[in-house]
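Quick notes on the structure that follows.
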């Protein structure tokens, strides 16, 4: 049997020669194999410091022998010297080495005598020492009455109404611990009057009482949150209720069809509002645009709750409409401050998105409340801000494109119902914005910095046009809404020609080519549904009548025929009745389709309004009335109620005059509350 070779120790790291030549080292000592082959001296790194291990028999340590025992597996330096460790170990072993001494009896003896400890007394049993700690009020109890629970905001984000109890932060008092003196109250009132405009507000803590400053426990001090005047009555209970309603009820109503992706209201609005609430609770204030958005969303929810209560839904008895008016006024004040700072400074102190969101929400307030007289003012402000800060952007983020899509959707539908008002007021300097000044569509929804390699033919052939943010949000093809925009602009030009040349009829000679081209585009348009990667398998590119939302798109297309032939061609109302019936049919079928798909989105009012204005038969008028009433009841949006009121005004005016071709725009111009209609 061959004898085994003697064992050789192994170094803890590669030698420096192997490292320099980048060869594998077997780390043998005193010389590794690569160094042995080359005849080199093996230079091994120094061993790391080792821990000091004590001798197992501590009595020798007590006699002065404190020489440590080296451990081959040690890696760290000792915390104490060897003699210190030996002394501590010897003391511990000597205390527990007696026959009557053990850990269990010592602990039992300590438990028996612990209750009798008073003051600074201490019980020493072997290696254990016990003393009584003075009872001090805990931090959690002292701070719970003055500081908010910082974990409340993620819970609001997950489920505003479910994750918070009634006894949590929503019920915490946010007032000073002691009532202010009359002199202090007078100073507070004077300060509030001076800061009525909420400009350059610097919150400061109130003066604390002398005895509270001398308190031995500073954590017991109550720290009140300074507030600005419009946030003095801010209540988390009300905020929880209104935000829950907005998140669960109003967000689905903003889109005419359920979408597979998150909407801008889920991506932008809700997170921004939750961030604003956090800033208010911690600092007492936030940016003007952010607070304006918060108040605007509160107003939207309050007006919606008021409408639902009016239509018979079981809600708590509260004057929601009055609350909505209060929040609308507060949002208006904050928004004016934000726009004033933007115009004076000539530079954006607040983000571009933060300014667009409250302005768009103010238009939403007009839609939900039914009070639409100021809608065009907000749209005009949006136009100026977008033209100054939005269009010049070379790179437009996805979120900015989403907000631009909301603006285009509201703007196009608003302009299409205010043709006569726009044309007649353009010479009088009214604030009604002109449809011809709408910023170019592609400049708002396209990223100019995104380019493709035109020389890569294979890539260009395989590239399918992506869905724009507009189509993802509203489920309408961009091409269809561009036709509505073109029709609105051409109808405005025809109306201006009719006003300026009253002596002779308008025969469209100046617009013959443009009118014919637009008519061909409307008649030849087909619904080509873009492939959606998140849609269920089996969806065809050419939609059938069962493809969602086929009937919604067809209803808008049929209403576009009515809109074009009434406002541009000015044909007889009898010629429009087939398109009226088609529009009503598709709207009713779409309601059935939504019920099958369990879609909670609100209806689009514009096609119902256009078809209702031109309906001449009683059955068609009854169907339109029932559809608008049902939409108002189910959504809590008063826009449908206002649209029904306007349609009935048109029916009554045509019945009284006997002229069924009387333009509905000229009829509604006689009513101040119906001159502006936002029928989204």
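Residue numbers (the working numbering): 19 to 698. Note that beta-carbon positions come from the ideal geometry of N, C-alpha and C, so glycine has one too.
Identity of the residue in the options nearest residue i by Cα
i	options	result
residue 128	644, 649 and 147	147
residue 394	428, 326 and 587	428
residue 609	570, 580 and 600	570
residue 283	424, 252 and 665	424
residue 627	612, 649, 613 and 619	649
residue 388	621, 325 and 597	325
residue 378	307, 343, 622 and 414	307
residue 53	35, 40, 64 and 63	35
residue 501	538, 490 and 512	538
residue 370	390, 392 and 419	419
residue 491	31, 258 and 277	277
residue 682	698, 434 and 496	434
residue 265	281, 275, 255 and 274	281
residue 315	328, 347 and 299	347
residue 295	275, 328, 273 and 256	256
residue 400	412, 518, 663 and 421	421
residue 404	426, 416 and 391	426
residue 343	630, 354 and 313	313
Residue i versus residue j - alpha carbon distance
i	j	result
residue 248	residue 567	43 Å
residue 341	residue 269	20 Å
residue 337	residue 430	34 Å
residue 743	residue 625	With the chain covering only 19 through 698, there is no way to say anything about residue 743.
residue 396	residue 380	7 Å
residue 350	residue 598	39 Å
residue 301	residue 652	39 Å
residue 322	residue 581	30 Å
residue 140	residue 121	18 Å
residue 644	residue 618	19 Å
residue 44	residue 64	16 Å
residue 251	residue 374	26 Å
residue 260	residue 287	14 Å
residue 318	residue 532	41 Å
residue 382	residue 311	11 Å
residue 62	residue 42	14 Å
residue 585	residue 510	9 Å
residue 285	residue 245	28 Å
residue 360	residue 367	7 Å
residue 59	residue 40	16 Å
residue 109	residue 38	52 Å
residue 112	residue 47	43 Å
residue 575	residue 493	13 Å
residue 297	residue 304	6 Å
residue 657	residue 386	6 Å
residue 414	residue 31	55 Å
residue 51	residue 106	46 Å
residue 320	residue 529	47 Å
residue 408	residue 309	22 Å
residue 11	residue 487	Residue coverage of the chain in this structure runs from 19 to 698, which leaves residue 11 outside it and unanswerable.
residue 696	residue 398	14 Å
residue 417	residue 518	43 Å
residue 693	residue 391	8 Å
residue 634	residue 659	20 Å
Where the alpha helix (DSSP H) containing residue i begins and where it ends
i	result
residue 380	370-387
residue 146	Here residue 146 belongs to no alpha helix (DSSP H); instead the beta strand (DSSP E) covers 146-149.
residue 575	568-585
residue 436	Counting along the chain, residue 436 falls outside any alpha helix (DSSP H), and DSSP gives it neither H nor E.
residue 395	393-403
residue 600	595-615
residue 684	682-686
residue 678	Run containing residue 678: none; DSSP gives neither H nor E here.
residue 407	Element bounds for residue 407: n/a, residue is neither H nor E.
residue 131	121-132
Below-8 Å beta-carbon distance, residue i vs any chain B residue
i	result
residue 370	The chain inventory of the structure shown lacks chain B, comprising one protein chain alone.
Limits of the unbroken beta strand (DSSP E) element including residue i
i	result
residue 143	140-143
Closer than 7 Å: residue i CB and nearest the ligand SAM heavy atom
i	result
residue 122	The ligand SAM is not among the ligands present in this structure, which contains no ligands whatsoever.
Checklist entry - Counting only runs that start and end within the region 628-670, where is the alpha helix (DSSP H) found for 4 or more residues in a row? => result Within the region 628-670, the complete alpha helix (DSSP H) runs of at least 4 residues are 636-653.
Checklist entry - Can you list the alpha helix (DSSP H) stretches of 4 or more residues lying completely in the region 490-545, in chain order? => result Restricting attention to alpha helix (DSSP H) runs no shorter than 4 residues, the region 490-545 encloses them at 496-518 and 530-542, ordered along the chain.
Checklist entry - Is the region 675-687 touching the region 636-645 in the sense that three or more CB pairs, one from each, lie closer than 8 Å? => result Here the region 636-645 does not lie against the region 675-687, with fewer than 3 beta-carbon pairs under 8 Å apart.
Checklist entry - Given 8 Å as the limit, is there contact between the region 652-667 and the region 686-696, that is, 3 or more CB pairs closer than that? => result As far as the Cβ criterion goes, the region 652-667 touches the region 686-696, which means the pair count is three or higher.
Checklist entry - If you pair each beta-carbon of the region 586-593 with each one of the region 609-621, do three or more pairs fall below 8 Å? => result The region 586-593 is not in contact with the region 609-621.
Next on the checklist: In chain order, what are the residue ranges of uninterrupted alpha helix (DSSP H) at least 4 long that sit wholly in the region 259-331?
Outcome noted: Entirely contained in the region 259-331, the alpha helix (DSSP H) runs reaching 4 residues are, in chain order, 288-301 and 306-328.
Checklist entry - Which ranges would you report for the beta strand (DSSP E) in the region 24-66 if only whole runs of at least 3 residues count? => result The qualifying runs do not exist here; there are none.
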